[in-house]
Amino acid sequence: MSSAALAHELFLDRYRPLRPLGSGGMGHVWLARDERSGLDVALKIVAREGKTGHRAEREARAAASLRHERCQRILSLARDSSHVYIAYEYIPGRTLREALRSGEVDDRAALEVAAQIADALAHAHGRGIVHRDVKPSNVLLAQHVGTRSERIDVRLLDFGLAQMAEFDTLTGLGDIPGTLAYISPERLQGRSASAAADVWSLGVLLWESLAGGHPFWRGDMVEMSRRIQEGAPGLETVRPDLPDHVVRTVASALLVNPQRRPAAERLARELRDLPKRG
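Next comes the structure, spelled out in structure tokens:
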């Protein structure tokens, strides 16, 4: 169903679409009004058949088990004969990808954004959930309307690829989910996603935020895969002005050996300690 057609629907006799927020391989996301509560929601609409429907159901299961201020809150899950509907809290803002493109993220903000993402991951990992698709477009920077506050308020989005400990992955043989540029070396080698793989993805995101460019995003996919498995270049090669303790902390998240990477909870503490050290 096209976006134009969706605009005239009242979904489930409850959700009135207001405007599209985005679309992709999974389906459409709309800003919608819940006619029962009067609240605006971010309504994800996904075809029920095939992998996308299974992925949407898994996303809802994962999101429903999370209770953390840095994780987007799920409000409801519903189905009809052809679609799955997931209603999330609607939070005005922009993605980290948009903020990076516009040059809005300074070093202080980059460290705090990464610390808040690490908080969200620590919460998920503590519940046996691995996100598997941490990247700037899945990080929302909330906008506080009517204030001049510069405080950073992050939400980690899209647990559609999340792997829960009690469920087998729905990924097919040889199909590595997630965005290649943020995938860890061990996953490229066919190993299962782990909490350490999420930490790697966060490390790539932080390297990119501080450097103003991606550590691996050059050449074709084969070349990118080779670069990932060799490990990230030292951040000091592009930001020689950064303090050594910042460079070391970023490097720790990007160690090729996943067993040597810090847990998300520890990484969050270290990131918050960095500004205090000057």
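Per our numbering, residue 1013 is the first one in the sequence shown, and the count goes up by one each step.
For every residue, glycine included, the Cβ atom is placed at its ideal position computed from N, Cα and C.
Problem - Limits of the alpha helix (DSSP H) - the one that H1135 falls within - result: Start at 1 with the first residue of the sequence shown, and residue 1135 comes out as number 123. D1119 to G1138 is the extent of the alpha helix (DSSP H) around H1135.
Problem - Which of helix, strand or coil DSSP assigns to D1253 - result: Position 241 of the sequence shown holds residue 1253. D1253: coil per DSSP, three-state reduction.
Problem - For G1034, the nearest candidate out of V1258, V1058 and E1047 (CA to CA) - result: Translated into positions along the sequence shown, residue 1034 becomes position 22. Nearest option by C-alpha distance: V1058.
Problem - Distance, E1110 Cα to M1038 Cα - result: Within the sequence shown, the letter at position 26 stands for residue 1038. Within the sequence shown, the letter at position 98 stands for residue 1110. One alpha carbon belongs to M1038, the other to E1110, and they sit about 21 Å apart.
Exercise for the section: Return the CA-CA distance between H1135 and E1198, expressed in angstroms with no decimal places. Expected result: Your numbering for residue 1135 matches position 123 in the sequence shown. Your numbering for residue 1198 matches position 186 in the sequence shown. Counting only the Cα atoms, E1198 lies some 23 Å from H1135.
Problem - Distance between A1126 and R1139 (C-alpha atoms, nearest Å) - result: Counting from one through the sequence shown, the residue named residue 1139 turns up at place 127. Counting from one through the sequence shown, the residue named residue 1126 turns up at place 114. Using only the alpha carbons, I get a separation of about 20 Å.
Practice task
Could you check what DSSP says for Y1102 in three-state terms: helix, strand or coil?
Solution key: Position 90 of the sequence shown, counted from the first residue, corresponds to residue 1102. In the structure shown, Y1102 sits in coil (DSSP, three-state: anything other than H, G, I, E or B).
Practice task
Determine, using beta carbons only, whether E1047 and R1028 come nearer to each other than 8 Å.
Solution key: Start at 1 with the first residue of the sequence shown, and residue 1047 comes out as number 35. Start at 1 with the first residue of the sequence shown, and residue 1028 comes out as number 16. A contact, by the Cβ cut-off of 8 Å.
Practice task
Express the C-alpha separation of V1041 and P1227 in angstroms, rounding to a whole number.
Solution key: Your numbering for residue 1227 matches position 215 in the sequence shown. Your numbering for residue 1041 matches position 29 in the sequence shown. Straight-line Cα distance between these residues: approximately 30 Å.
Problem - D1052 - containing beta strand (DSSP E), residue span - result: Residue mapping note: residue 1052 aligns to position 40 of the sequence shown, counting from 1. D1052 to A1059 is the extent of the beta strand (DSSP E) around D1052.
Problem - Where the beta strand (DSSP E) containing V1234 begins and where it ends - result: As a working mapping, residue 1234 is identified with position 222 in the sequence shown. From DSSP, V1234 is part of no beta strand (DSSP E) but of the alpha helix (DSSP H) over M1233 to E1242.
Exercise for the section: Spell out the partners DSSP gives R1167 in its beta bridges. Expected result: Sequence index remark: in the sequence shown, residue 1167 carries index 155 (1-based). Partner(s): L1152.
Problem - L1214 vs I1129 beta-carbon contact at 8 Å - result: On the sequence shown, residue 1214 is found 202 positions in, with the first residue counted as 1. On the sequence shown, residue 1129 is found 117 positions in, with the first residue counted as 1. Going by C-beta atoms, L1214 is nearer than 8 Å to I1129.
Problem - Residue environment, P1252, which counts as buried when at least 16 other CB atoms sit within 10 Å - result: Walking along the sequence shown from the start, residue 1252 turns up at place 240. With fewer than 16 Cβ atoms within 10 Å of its Cβ, P1252 is classed as exposed.
Handout entry: L1222: first and last residue of the uninterrupted alpha helix (DSSP H) it sits in
Key = Within the sequence shown, residue 1222 is the residue found at index 210, counting from 1. Segment A1207 to A1223, the alpha helix (DSSP H) holding L1222.
Handout entry: chain B contact for G1202 (CB, 8 Å cutoff)
Key = Considering every chain present, this structure includes no chain B. It has just one protein chain.
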